[in-house]
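Protein chains in written order, with our numbering: chain R, 547 to 906; chain D, 217 to 540.
Where a beta carbon is used, it is the ideal one built from N, C-alpha and C, also for glycine.
Written below as structure tokens is the structure these notes are about.
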Amino acid sequence: MSSPTEVSPLYQVLDAPAEPGAPPASPLPTPDLLRLYRGMVRIRTVDSRMLNLQRQGRIGFYGTATGEEAAVVGSGCAFEPRDWIFPALRQGGIALLRDYPLDLYVAQCVGNSADLLRGRQMPCHYSDRRIHFVSWSSVIATQLPHAVGAAMAARLRRDPVVCGAYLGDGATSEGDFHVAMNFAGVYRAPVVFVCQNNQFAISVPIERQTASAGIAVKAAAYGFEGVRVDGNDVLACYLATRKAVDKARAGGGPTLVEAVTYRRGGHSSSDDPSRYRDERVTEEWARRDPILRFRRWLEARGLWNDPEEERFQTEVKSAVDEAIRRVEAAPPVDPGSMFEDVFAEMPAQLRAQRREALGE
Amino acid sequence: MAILTVLQAVNAALKQEMRRDDRVVVLGEDVGKNGGVFRATEGLYDEFGSDRVLDTPLAESGIIGTAIGMALYGLRPVPEIQFLDFIYPAFDQIVNELAKFRYRSGGQYPAPVVIRSPYGGGIRGGHYHSQSSEAYFAHTPGLKVVIPSTPYDAKGLLASAIRDEDPVLFLEPKRIYRTVKAEVPDTEYTVPIGVARIAREGRSCSIFCYGAMVHVALEAAEKAKEKGTEVEVVDLRSLVPLDEEAVLASVRKTGRAVVLYEAPRTGGFGAEISALIAERALEYLEAPIVRVAGFDTPFPYTLEHVYMPDARRVLAAVDRVMNF
Ligand SMILES: Cc1ncc(C[n+]2csc(CCOP(=O)(O)OP(=O)(O)O)c2C)c(N)n1
């Protein structure tokens, strides 16, 4: 059992020493390995393209997962398509893993008539019921009790569904986090909490967020297991989350997975991290880049090479560019749509307000 | 005198009060090293140190709950809630605790906390960076609700709030944080809480408003003048306590009332103003009261321009009361 003041060891796979002489064992079949790798490269590319759009004023806001791709993709791939994902700001990449079309991803950020959410939410608030990717608000930690409740409901219905509850390190300070952890423990809900500990909540470093040694240890107080994984090691993230998901599905209760990583960029497009942190540390973390690390690992096993890389990058870039082109060509949202979905049926008062807004 | 933005005026008031009274402490998310996400607390951490400027964990109930404890003990905490949209985790602490401490303890335990929070739309912030939820709080006895619309008032009212013996929710219209600039004295001054301001005098019709909407009203008033309508703009500045006399006096003078607020229309604070006028100045009215407000939908993202009251909608309301 880990102690609250002693940092528990990091679970790592990529850097684990290979048996001398023996061909390096692979923990996963090659297609799965490549899915992880491609998933990470895809987000990196999409993020950089979307951040550019934000800088050009073509979308209003954007939050990247740069440096955190292993945590997003490794954990995201560990859930099955039938599982439900309750994301936070940096898990848009998981939607893409679940075959959420790039057009919808871009359209949510642009907020025009191509957007499933009808231009109602700020960028990075993707949701799509078809892929069990639940709508989130910007309000930190509120999604966590929802994930637990959905998990309780799945079990009540005898569905073998696990819920993935995503959060940042900052979110662990909110009451809703503790409430969710407690309910999850009491009801042994089939939920896996994945905390991307990227060391910062906007400007506030993890040491100011909690006095415990990391996040994983908090699970002990709620009566279930917490694991601390190298969040820049995609295999560690995948295997640890997979184990937790399997355990939850088998009735073994919740797990808290802490992926220790680093937010390399600003908090969002409206933040300047040089105001509050030493960017030399950021450079150190850049040397532990999750994509480069895994690429080297794959290359050492002959599973990836430069031409493949080039082909894939070009493919993703042109897919994003085409999605942007198609989405930007769509008309703006219809002003009258603002009054829809407030209720299942529009009350008379709202119908009157709609007429007023449209000048009818 | 210096030309300050609303944001700089808030910052100036915080510095002034912290220098003046060492019981004043600032706490909240990102308010220290980062100087606040809008920079309202810039420079405070360097000047007053981490004992008096606390970067807190991300927990609004914790921020307000501990601020209450500090106030009970004798400090003058000025917590910041990063966006008013994020105040709800602290709603219980504010409504059931902060606002009622003095009363429930028979006056023994006052809790003079000033909660500062940027609020309102106009920055393309979508559902969760745009709300105007002042009505929930104005509905809570024991809590003052103060909203400046100019740099001068931002500094003077915040100073008054910090010196006040009661809890104050101090709402800062973030849309005009940087766009409204004016001369502000470098010297100490306060603006009394509970006194409205006539932002523009007129005889034809009154617009009652607060926060960023004051500037929308002024824009509409300027346009109405072209048609010979002299609009009076009354900036309430404080919802609780409300300067009822100022509202009634203006209605008695003009006989026409437009009530303007950006929050959803239903149950908004403007309904209270309308009721006040209907109850106490009905005989002066030449036309029914008209409300211009946000629509009864969640605050939208791309359709913000449709949602937010603008000068065009205000002018239409002025036309309606003028041509009744
Ligand atoms: C309840 C609430 N309070 C404050 C905010 C403002 N805010 C947005 S993101 C953020 C930091 C989040 O940090 P963390 O949970 O670590 O996630 P990260 O963004 O680092 O991935 C804050 C304070 C918010 N969105 N919701």
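- Looking at the DSSP output, residue 742 of chain R shares a beta bridge with R:714, R:805.
- Look at residue 631 of chain R here: in three-state DSSP terms it is strand.
- Within the segment 341-414 of chain D, the complete alpha helix (DSSP H) runs of at least 4 residues fall at 350-354, 367-379.
- When the beta-carbon positions are compared, residue 777 of chain R and residue 734 of chain R stay at least 9 Å from each other.
- Only those residues of the segment 321-355 of chain D whose C-beta falls short of 8 Å from the nearest C-beta of chain R are listed: 340, 341, 342, 343, 344, 345.
- With a cut-off of 8 Å, the C-beta of residue 809 of chain R is classified as near ligand 1, since at least one heavy atom of the ligand falls inside that distance.
- Secondary structure remark: continuous beta strand (DSSP E) runs of at least 3 residues inside the segment 506-540 of chain D, in chain order: 506-510.
- If you check the C-beta of residue 284 of chain D against ligand 1, you find no heavy atom less than 8 Å away.
- Listed along chain R, no residue sits closer than 9 Å to residue 227 of chain D by beta-carbon distance, the nearest being about 16 Å off.
- In the same chain as residue 536 of chain D, and ignoring 5 residues on each side of it, the C-beta atoms closer than 7 Å to its own belong to 506, in chain order.
- Going down the chain, each residue whose beta-carbon is closer than 7 Å to a heavy atom of ligand 1 shows up: R:609, R:634, R:635, R:636, R:684, R:685, R:686, R:687, R:713, R:714, R:715, R:716, R:717, R:720, R:742, R:744, R:746, R:747, R:748, R:809, R:813, D:245, D:246, D:274, D:276, D:298, D:299, D:302, D:305, D:344.
- Counted as a single uninterrupted DSSP element, the beta strand (DSSP E) harbouring residue 220 of chain D occupies residues 218-221.
- With at least 16 other beta carbons inside 10 angstroms of its own, residue 448 of chain D counts as buried.
- Note: residue 270 of chain D is bridge-paired with D:243 in the DSSP secondary-structure output.
- At a cut-off of 9 Å between C-beta atoms, residue 293 of chain D does not count as an interface residue with respect to chain R.
- Judged by DSSP in its simplified three-state form, residue 455 of chain D adopts strand.
- Under the three-state reduction of DSSP, residue 560 of chain R is assigned to coil, being neither helix nor strand.
- For the set D:279, D:400, D:234, the Cα lying nearest the Cα of residue 377 of chain D is the one of D:234.
- Neighbours of residue 275 of chain D in chain R, taken as residues whose beta carbon is under 7 Å from its own, are 719, 720, 721 in chain order.
- One thing to note: residue 315 of chain D has its Cβ no nearer than 9 Å to the Cβ of residue 287 of chain D.
- Judged by beta-carbon spacing, residue 578 of chain R lies beyond the 9 Å limit of residue 779 of chain R, meaning their Cβ atoms are not closer than that value.
- Nearest to residue 418 of chain D by alpha-carbon distance, out of D:401, D:431, D:217, D:441, is D:441.
- Restricting attention to D:511, D:529, D:533, D:526, the CA atom closest to the CA of residue 347 of chain D is found in D:511.
- Proximity to residue 277 of chain D across D:351, D:401, D:266, D:306 peaks at D:306, based on C-alpha coordinates.
- Here residue 252 of chain D carries a coil assignment [DSSP, helix/strand/coil].
- When rounded, the separation of the alpha-carbon atoms in residue 482 of chain D and residue 345 of chain D is 20 Å.
- Proximity of the segment 522-537 of chain D to the segment 487-500 of chain D falls short of the contact definition, fewer than three beta-carbon pairs being nearer than 8 Å.
- Contact between residue 673 of chain R and residue 681 of chain R holds, with the beta-carbon distance rounding to 4 Å and staying under 8 Å.
- The CB of residue 885 of chain R comes closer than 8 Å to the CB of 511, 513 in chain D, given here in chain order.
- Rounded to whole angstroms, the Cβ separation of residue 711 of chain R and residue 739 of chain R is 5 Å, and the two are in contact under 8 Å.
- Judged by their CB atoms, residue 412 of chain D and residue 385 of chain D are not nearer to each other than the 9 Å cut-off.
- By the CB criterion at 9 Å, residue 641 of chain R and residue 607 of chain R fall outside the cutoff.
- Assignment of alpha helix (DSSP H) within the segment 260-317 of chain D, counting only whole runs of 4 or more residues, yields 260-268, 276-289 in chain order.
- Here the segment 611-627 of chain R makes no contact with the segment 690-701 of chain R; the two share fewer than three CB pairs at distances below 8 Å.
- In terms of Cβ geometry, residue 393 of chain D and residue 429 of chain D do not form a close pair [threshold 9 Å].
- Ranked by Cα distance from residue 654 of chain R, the options R:666, R:643, R:645 are led by R:666.
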